[in-house]
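Everything on this sheet refers to the single structure shown next.
Numbering (the UniProt record's numbering), first residue to last: 1 to 548.
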């Protein structure tokens, strides 16, 4: 029987249908009238055979005997050809059996992957690997050279056998179908979208070697887990006022207005640093800006007491030349700020609870000595114009400051400082005010010996012994300093005096970079940088209220 008709008659019906498997367009329940007509026609043929012409029956019997004689004594050439063809078919079956034993993911021929909704008749001729749901049963091997007979033997069958239609011509392919190709030749060319997947065989080997697997596991091994530790959880996002207030916006325009004092400080720094006309000369000579906010007391020169403007909240004072600043505080305040800042260092340490979510505060203790030397006119001529223009009337008494390490006497710095501008902030609700100062600091390029030989000047400022604690937090640094210096007492007696200073410094390099970005229309955080600077001043000024 032809293989196509055999596939329709012997194929077992499937209980379920794959989404990509198309059901053959065969009627499972034939029409009763058609079955009745076929039965009547079969009975009519039986009657005709029973009353057939004797001559026709005799001729059929003679022809059958002739065919039997040909089967007993077949043509040698025909038998040889049939034997050769049968061996070729056996070799093909053995190769297919070896390929079937190799574990490989099932694949679909690209021609069959795009089968239309209604299958053509020629597309129903599927191989066992193309549709495993409808595999054919193998026929038992016959006794004539395996399982296939030659064309000559098939042609000598008796006329009583059903008529076999002519075999359709095999379709030529550009390459063997996917199920007939060797998996070692395919490598990574397997189709990505097969319409079914079979489970992979386990413990299979190719040529005695275990099969290498390139597929990664979905579960991480302990080694990979240890190599890539989980990232710390992100801090929870603080809910906005909408969770309680409902429909809410920061203002009628939808935008939060800027904070006045921070904006005033930002403009002050921008005007006196970013937009100055001689910025090019300052950068070319490697002259640095110093931006510091000192905590102390604003003194009204008219009353010699702390300023009183009948205010109830913090404000920026106008520059009037009638306000002085005293940058000192009590020893009790110094100790209190020392304890407070040391506690911040502990809280922001990475090993502290929640310390990993903070920017760490780094602590440094320095003991230094500052000595001041007044420059003669011949040395003042070496000062660049950007510094000379800011010294003004002070050119007659220009001083250089040399800083030494108290223990090793190593020279740490040689600078000439020039004042640029000041801005005073009054905190009426706090015991301390603030003065923000901008200075230029130029490194003296000469040897330190030419300055030290000027040390015998009678009006030289006394040395300052500094015991400084520095707390660096990102772009900001808090310096808590105890200064000891000699002073003249009653009757000309020398005595040692102590002063305590608290300063907050802003990194000038970062400020200049962000200010240039702002002036150039680039993305920047200039305002946020200044707001952090002012907020640090507020925190420390308000902390002083705990001692009142």
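Beta carbons are placed, not taken as given, at the ideal position from N, Cα and C, and that holds for glycine.
Please read these numbers as outputs of a predicted model, since none were measured by experiment.
{"Asked": "Sequence ranges, beta strand (DSSP E) only - wholly within the segment 349–399, length at least 3", "Found": "362–374"}
{"Asked": "Residue 485 versus residue 285: straight-line alpha-carbon distance, rounded", "Found": "33 Å"}
{"Asked": "Which of helix, strand or coil DSSP assigns to residue 293", "Found": "strand"}
{"Asked": "N- and C-terminal bounds of the beta strand (DSSP E) containing residue 486", "Found": "476–488"}
{"Asked": "C-alpha distance - residue 537 paired with residue 434, whole-angstrom precision", "Found": "8 Å"}
{"Asked": "Cβ-Cβ separation, residue 502 to residue 533 (assumed contact under 8 Å), whole Å", "Found": "Not quite, the Cβ-Cβ distance comes to about 15 Å (not below 8 Å), so this is no contact."}
{"Asked": "Under the three-state DSSP convention, the category residue 426 falls into", "Found": "strand"}
{"Asked": "Those residues which DSSP pairs with residue 316 across a bridge", "Found": "425"}
{"Asked": "Extent of the continuous alpha helix (DSSP H) run through residue 537", "Found": "526–543"}
{"Asked": "Beta-carbon separation (whole angstroms), residue 362 vs residue 253, contact threshold 8 Å", "Found": "That belief does not hold up - the Cβ atoms of residue 362 and residue 253 are roughly 41 Å apart, past 8 Å."}
{"Asked": "Proximity to residue 549 [Cα-Cα], best of 405, 375 and 276", "Found": "Lying before the first or after the last residue shown, residue 549 is absent from the chain, which here runs from 1 to 548."}
{"Asked": "Buried/exposed call for residue 295, threshold 16 Cβ in 10 Å", "Found": "buried"}
{"Asked": "Cross-strand partners of residue 299 (DSSP beta bridge)", "Found": "306 and 324"}
{"Asked": "Residue 504 beta carbon less than 8 Å from that of residue 540", "Found": "yes"}
{"Asked": "Inter-residue Cα distance where the pair is residue 96 and residue 85", "Found": "17 Å"}
{"Asked": "Three CB pairs or more closer than 8 Å across the segment 439–455 and the segment 378–390", "Found": "yes"}
{"Asked": "Residue nearest to residue 526 in terms of C-alpha spacing, selected from 268, 94 and 240", "Found": "268"}
{"Asked": "Per DSSP, cross-strand counterpart(s) of residue 468", "Found": "366 and 481"}
{"Asked": "Residue range of the unbroken alpha helix (DSSP H) whose run includes residue 279", "Found": "279–284"}
{"Asked": "Assigned exposure category for residue 320 - 16 Cβ within 10 Å defines buried", "Found": "exposed"}
{"Asked": "Limits of the beta strand (DSSP E) - the one that residue 433 falls within", "Found": "433–443"}
{"Asked": "For residue 317, the nearest candidate out of 354, 305, 347 and 300 (CA to CA)", "Found": "300"}
{"Asked": "Three CB pairs or more closer than 8 Å across the segment 273–282 and the segment 511–526", "Found": "yes"}
{"Asked": "According to DSSP, residues forming a beta bridge with residue 401", "Found": "372 and 415"}
{"Asked": "Cα-Cα separation, residue 212 to residue 94", "Found": "Summary for residue 212: the model assigns pLDDT 48, below 50, so the residue's position carries little reliability, and this model does not support an answer."}
{"Asked": "Nearest-angstrom Cα separation, counted from residue 448 out to residue 377", "Found": "17 Å"}
{"Asked": "Residue nearest to residue 334 in terms of C-alpha spacing, selected from 403, 531, 499 and 521", "Found": "499"}
{"Asked": "Rounded C-alpha distance that separates residue 346 from residue 359", "Found": "12 Å"}
{"Asked": "C-alpha gap between residue 266 and residue 238, whole angstroms", "Found": "27 Å"}
{"Asked": "Nearest-angstrom beta carbon gap, residue 341 and residue 478 [assumed within contact, 8 Å]", "Found": "6 Å"}
{"Asked": "Assigned exposure category for residue 118 - 16 Cβ within 10 Å defines buried", "Found": "With a pLDDT of only 45 at residue 118, under 50, the local geometry of the prediction cannot be trusted, and the value read off the model is given with reservation. So residue 118 counts as exposed."}
{"Asked": "Close beta carbons around residue 324, own chain, < 7 Å, minus the five adjacent residues each side", "Found": "299 and 301"}
{"Asked": "Between the CA atoms of residue 312 and residue 430 - distance to the nearest angstrom", "Found": "10 Å"}
{"Asked": "Spatial neighbours of residue 545 in its chain, beta-carbon cut-off 6 Å, leaving aside the 5 residues before and after", "Found": "430"}
{"Asked": "Inter-residue Cα distance where the pair is residue 270 and residue 436", "Found": "13 Å"}
{"Asked": "Host beta strand (DSSP E) of residue 548 (start-end)", "Found": "Premise fails: residue 548 is in no beta strand (DSSP E) and is neither H nor E."}
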